[in-house]
Amino acid sequence: MNIIISRELSIPIYMQITQQIREAIFNGELPAGYRLLPERKLAEQLGVNRSTVLNAYVELKSEGLIESFVGKGTVVLPLNSADAPAASTQLPGYSTPPWRQLFSERSFSAGDPLIRDLLSLSKRNDSISFSVALPDPGPKLTVKLREQLQLLMQEKSDSLWKHTATEGIHSLREAICMWMEKRGIHAAAEEVLILSGSQQGIDLLTRVFIDPGDIIFVEEPSYFSAMQSFRSAGARLMGIPADTDGQMRLDILESMLAKYHPKLIYVLPTFQNPSGLVMNQDVRERLLELAYRYKTIIVEDDPYCDLRYSGHHVPPIHAMDRHDHVIYLSTFSKLIGSGLRMGWLSAPKSVIRQLAIAKQMADLHTSTLSQFLMERMIRSGLLEEHLNDMRNRYHRRKQLMVAALHKYEVPGMTWQEPEGGVFIWCRMPAGLNANELMLRAADRGVDYLPGNPFFAQVPQTAYVRLNFSCAEEDSIDEGIRRFVLAVHDTMDARRYHQTGNRTEGLDPII
Ligand SMILES: Cc1ncc(COP(=O)(O)O)c(C=O)c1O
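Residue 384 in numbering that gives the first Met the number 0 sits at position 385 of the sequence shown, and the numbers go up by one each step.
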């Protein structure tokens, strides 16, 4: 393990140590039973006070990740069996339940909850965020939503607070079919299931389709929350690599299909999360043909389809499907707001029936208020109007980010300009330490998502995902300036390190 600390950062050194050891435990680099260096020795190596290491160990102990034993030293605990810390107020003879031992095996199989405290790393309150893919619907939408909610209250005051069918309100399912027509998809209302966000669709598909040991093919890279869900059910994920243009390597896919017979192939063909790229039409058609030939199904996750700023619409794979091999997921989270929790799934009726049983167990149905509101937004044409406004706004933000990336160019950093969506995926210069970059970026007052959780098999630390939909227009240039400064800080520190001209506190320690 290569822990690096830096005194130049405003993040306390004990937190730098804690964060890096914690991450190494979650990603398996420090397995259960691993003996950490004694506090004194680690402090000596780092050139810090013993109390600094002590604080880091205390923090990790309170999280149930490590423990000290007489004669054994400080060791990493199994992730699923570390006890909760004892509360100082406990009555004699009583103790807090051993929570970690009570959690199911399944709850641990999802893996690292994506750099859980990434956001808490930044201590600056002027921090600029390029990390989370939240929409920024703008002030006009707030006014429209308020008006629509008032109308709903008047017209449907009774039904707004009642249960609906698990599959969703029929008239909303019809309205969604109209919305999908614009994307080129023809479906009947009975082939649509209303979801509490498309993440719920991923969860329901996992419950209904995946048994432990099933194989799922995903693009490399792919959406980390879907992979977490699949892993939690015991699925084996296999990544299909892309060529230099970001297109799926169908030759590799075909040989893997012949060998492994996956239960499903999960793809994000349009403005992919995280790469922002679009699978071209020819690749979509050939992928579908392969699914037919090898008798597997495709799950097409399509949250960003409507957010195109240039180029031509490429129809979803679902629109090309003639033999019911595609399950299609989409959402209004990226158009209106993720707090609305409104998504949908389109699939053959028999699949909808089975998924509806699982949904009933999960949440009975999606919020009635959100469903009625969404129906009004679609049928009144307000959603379409809002979408045009949103496209213009996101397009401008994308252009600002692209301009800033050119302006503050980093030698060796490469990226492709996306035609839509909300992400720019950057490949960083070779040899850059991803952990250190994250800390330095937080210190400079900017955050982003590191690339490794997006890889199914071998984590690749060379990538970062920058989101441009959230940050204010006038902060994008400054955010990229800070990010690039953090890259330079990290590269400079490495150069010092390599030439032996070390600055104090930058030594790798384990
Ligand atoms: C590819 C992908 N699928 C699903 C989701 C989840 O969206 P929702 O808010 O509808 O659950 C996201 C959200 O970022 C996403 O990027």
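We put the beta carbon where it would ideally sit given N, CA and C, even for glycine.
Assigned secondary structure, residue i (DSSP; H/G/I helix, E/B strand, else coil)
i    : result
P449 : strand
N387 : helix
M247 : strand
N466 : strand
T295 : coil
I316 : helix
R307 : strand
D116 : Bear in mind that a pLDDT of 49 at D116, under 50, signals an unreliable position, so the number given afterwards is only what the model happens to contain. Of the three classes helix, strand and coil, the one that applies to D116 here is coil, per DSSP.
L399 : helix
D300 : strand
R380 : Note on residue identity: the sequence assigns Gly, not Arg, to residue 380. G380 falls in the coil class under three-state DSSP.
S130 : coil
V217 : strand
S67  : strand
R426 : strand
G419 : strand
R6   : coil
A492 : helix
A433 : helix
Whether residue i touches residue j by CB criterion (8 Å)
i    : j    : result
K143 : L381 : yes
I239 : F229 : no
I479 : M400 : yes
K397 : Y308 : yes
E472 : R390 : no
G336 : P211 : no
A470 : F129 : yes
I184 : P315 : yes
L484 : R443 : yes
M490 : L431 : yes
G233 : S274 : no
K262 : D301 : no
Y265 : A318 : no
D305 : L204 : no
V445 : S67  : no
A55  : I20  : yes
Q415 : L276 : yes
Where the beta strand (DSSP E) through residue i begins and ends
i    : result
G444 : Note, G444: premise wrong, no beta strand (DSSP E); not H, not E.
M237 : 235-239
G72  : 72-75
V191 : 191-194
V325 : 325-330
I264 : 263-266
Distance cut-off 7 Å: residue i Cβ against heavy atoms of ligand 2
i    : result
F482 : Although ligand 2 was asked about, the structure shown includes only ligand 1 as ligands.
Start and end residues, alpha helix (DSSP H) containing residue i
i    : result
A12  : Note on residue identity: the sequence assigns Ile, not Ala, to residue 12. Where I12 is concerned, the enclosing alpha helix (DSSP H) stretches over 12-25.
I201 : 197-208
R321 : R321 -> no alpha helix (DSSP H), and no H or E assigned at all.
L344 : Element bounds for L344: not the alpha helix (DSSP H) but the beta strand (DSSP E), 342-345.
V142 : 138-154
Y407 : Y407 -> no alpha helix (DSSP H), and no H or E assigned at all.
L45  : 38-45
H169 : 169-182
F102 : From DSSP, F102 is part of no alpha helix (DSSP H); its letter is neither H nor E.
A55  : 49-61
D242 : From DSSP, D242 is part of no alpha helix (DSSP H); its letter is neither H nor E.
L354 : 348-362
F229 : 223-231
Neighbour flag for residue i against chain C, beta carbons, 8 Å
i   : result
T17 : Checking the listed chains, one finds no chain C in this structure; it contains a single protein chain.
Are at least three pairs of beta-carbons, each pair with one atom in the stretch 236-251 and one in the stretch 292-308, less than 8 Å apart? no
Can you confirm whether the stretch 161-168 touches the stretch 456-470 when touching is taken to mean that 3 or more C-beta pairs between the two stretches lie within less than 8 Å? no
Ligand 1: which residues have Cβ under 6 Å from any of its heavy atoms, chain order? A132, G196, S197, Q198, Y222, L267, N272, D300, P302, T330, S332, S337, G342
Determine, using beta-carbon pairs with one atom in the stretch 363-376 and one in the stretch 139-153, whether at least three such pairs fall under 8 Å. yes
Pairing CB atoms from the stretch 192-203 with CB atoms from the stretch 433-448, are three or more of them under 8 Å? no
Meets three-Cβ-pair contact criterion under 8 Å: the stretch 342-350 and the stretch 314-327: yes
Within 8 Å, do at least three Cβ pairs link the stretch 29-48 to the stretch 0-17? yes
Inter-stretch contact at 8 Å, needing at least 3 Cβ pairs: the stretch 60-78 / the stretch 22-36: yes
How do the stretch 265-281 and the stretch 408-422 stand: do at least 3 beta-carbon pairs fall below 8 Å, yes or no? yes
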